[in-house]
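S.K.: Quick note: the sequence shown uses the numbering used here, first residue 44, plus one each step.
From the three backbone atoms N, C-alpha and C, an ideal C-beta is built for every residue, glycine too.
Predicted model only: the values in this text are computed from it and were never measured.
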Amino acid sequence: MTETPFSDRPPARDGKTGAPDSAAPSAPSAPPREAARRSAFPSSPGARAFRRRVFPEATAAEWSDWRWQLRARIRSLDGLERVFRLTEDERAAVARHKGGLPVGITPYYASLMGADDPAEPLRRTHVPVGQEYLRLPGESDDPLGEDPASAVPGLVHRYPDRALFLATGTCSTYCRYCTRSRMVGQTGGEQQISARHWERAFAYIEATPQIRDVLVSGGDPLTLSDDKLDYLLGRLRAIPHVEFIRIGTKVPLVLPMRITRALTRMLRKHHPLWMSVHCTHPAELTPEATEALTRLADAGLPLGAQTVLLKGINDHVETLRTLYRELLRRRVRPYYLLQCDPITGSGQFRTPVETGLDLIDGLRGHLTGYAVPQYIIDAPGGGGKVALVPDHIEGRDGDDLLLRNFEGRIYRYPDPGGRIGAEKPRS
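Right, here's the structure in full:
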């Protein structure tokens, strides 16, 4: 397979109009070698250099094969030391690990991390440290109360019209702040959610007509084979009252070669289909990730981004401004900035809530509204998502409501008979 240089500009699809391949059915078929070249997933220079240095036994074709990437995941202390110069704290944390949320990093994603810098953002989110074993007040293994809200195993029904379908316990990479660390990657086999669980979930949804919206998550559903995912989506689409299906995934950013032409052709069959992409930091928006997101957008999937707010990783306004601008360029709309859930061992990642409010304040006026997400706390104990917004009301002056804009200036809005702001003394 030939590797070619690749830019981060979304590629044109037919060489003229930028339309998807399917928009030009009259074009002559390419010779087999040319067709293979077009279907090959591009590899950036940094990834190629990393492969040659760390995985010299892997061919270019293997590197671009998502199944090889899954098989070759870095999952042990020896594997980590092959890539990183570990600190004593990291080494000890990996050595003492037991149970769920194992180490698991695709070679591609490891190529983006700082080999010699333990403070590098992506490395910090995936290589364990000793703080992971500290349990702070208020933390729990199931902070969102998903298990009590499970109508049947693997199906969480908290909101009246929505259900969360946990399709698998496997992720291609394991984030150390994972809300479902209690269940993903469990010892004894990652695919612990069985076909029997799926069938019970389908039966429950079929018998519950108020469910109009199903979010397929896990684990990561894009680690499933095309056939299994096709079956799952087809079963949900066949339920008359299910109007919306969403897929929650981090795969386009950590395993972008999974977004094959065959996958996007299959996904098109199940429209209207939406995708929520978990994106953490601008460093993830590589040429490979750009290609993956472009393929999904060209397949007609509306893309939204969820970002977990993480201390020392993305809790700076310039980092988020860059992330959200670049996501929007790739046709991904930021829609949630999530306060880190109080999962056991996550204290190292959680910021004060005022940090999130200050960040949203720093985004408004500097980014288009399309690029400013909602700041969300998922209320512990099963309360659901609660949106928080900065307070821009400064008070009242008679019938005028006093508002503070993004520059800190005060403006008057005529609001006769209104009461909002009356409780605030004028400064």
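Can you check DSSP and say which residues form a bridge with D440?
M.R.: Bridge pairing for D440: D443 [DSSP].
S.K.: Does DSSP put R127 in a helix, a strand or coil?
M.R.: Sequence inspection shows Phe at residue 127; the Arg mentioned does not correspond to that position. Of the three classes helix, strand and coil, the one that applies to F127 here is coil, per DSSP.
S.K.: Where does P71 sit, in a helix, a strand or coil, going by DSSP?
M.R.: Only weak support is given to the placement of P71: the predicted model assigns it a pLDDT of 40, under 50, and the question is left unresolved by the model.
S.K.: Are there 16 or more other CB atoms within 10 angstroms of the CB of E133, so buried, or fewer, so exposed?
M.R.: buried
S.K.: Could you tell me which of S237, Y202 and D270 sits nearest to D256, measuring between CA atoms?
M.R.: Residue nearest to D256 within the set S237, Y202 and D270 is Y202 (criterion: CA-CA distance).
S.K.: Would you kindly check if the distance between the Cβ of M300 and the Cβ of L346 is under 7 Å?
M.R.: no
S.K.: Look up Q417 in the DSSP assignment and say whether it is helix, strand or coil.
M.R.: Shown here, Q417 sits in a strand according to DSSP, grouped into three states.
S.K.: What does the alpha-carbon distance come out to for the pair E331 and D204?
M.R.: 36 Å
S.K.: Who are the near neighbours of E327 in its chain, counting only those whose CB is closer than 8 Å to its CB and skipping five residues on each side?
M.R.: L155, L165, L296 and V297
S.K.: How big is the Cα-Cα spacing for V375 and F93?
M.R.: Going from the Cα of V375 to the Cα of F93 covers about 28 Å.
S.K.: Measuring only the C-alpha atoms, how far is R439 from G464?
M.R.: 5 Å
S.K.: Taking the alpha-carbon positions, what's the H409 to A244 distance?
M.R.: 44 Å
S.K.: Just verifying my parser: in three-state terms, what is the DSSP assignment at V170?
M.R.: coil
S.K.: What does DSSP give as the partner residue(s) for Q382 in the beta ladder?
M.R.: L352.
S.K.: Please state the DSSP three-state secondary structure of K428.
M.R.: strand
S.K.: Could you check what DSSP says for D273 in three-state terms: helix, strand or coil?
M.R.: helix
S.K.: If contacts are defined as beta-carbon pairs under 8 Å, then G147 and T222 qualify, I think. What distance do you get, rounded to the angstrom?
M.R.: Not a contact, Cβ separation roughly 16 Å.
S.K.: I need the straight-line Cα distance from D263 to C218, nearest angstrom please.
M.R.: Between D263 and C218, the C-alpha separation is close to 12 Å.
S.K.: Under the rule that 16 or more other beta-carbon atoms within 10 Å means buried, what is S237, buried or exposed?
M.R.: That one is exposed.
S.K.: Of the choices R452, I117 and L380, whose alpha-carbon is the least far from that of I419?
M.R.: L380
S.K.: Since T200 contacts A192 with CB under 8 Å, what's their CB separation in whole angstroms?
M.R.: The sequence as given places His at residue 200; Thr does not occur at that position. Indeed they touch by this definition, with Cβ atoms about 6 Å apart.
S.K.: Which word fits S86, buried or exposed, when buried means at least 16 other C-beta atoms lie within 10 angstroms of its C-beta?
M.R.: buried
S.K.: Within the same chain, show all residues whose beta-carbon is closer than 7 Å to that of Y247, passing over the 5 residues directly before and after it, in chain order.
M.R.: A194, V195 and L198
S.K.: Considering only residues of the same chain and omitting the five flanking positions on each side of L370, which have a CB-CB separation below 6 Å?
M.R.: A348 and P377
S.K.: Determine the extent of the beta strand (DSSP E) in which H321 is found, giving its start and end residues.
M.R.: L316 to H321
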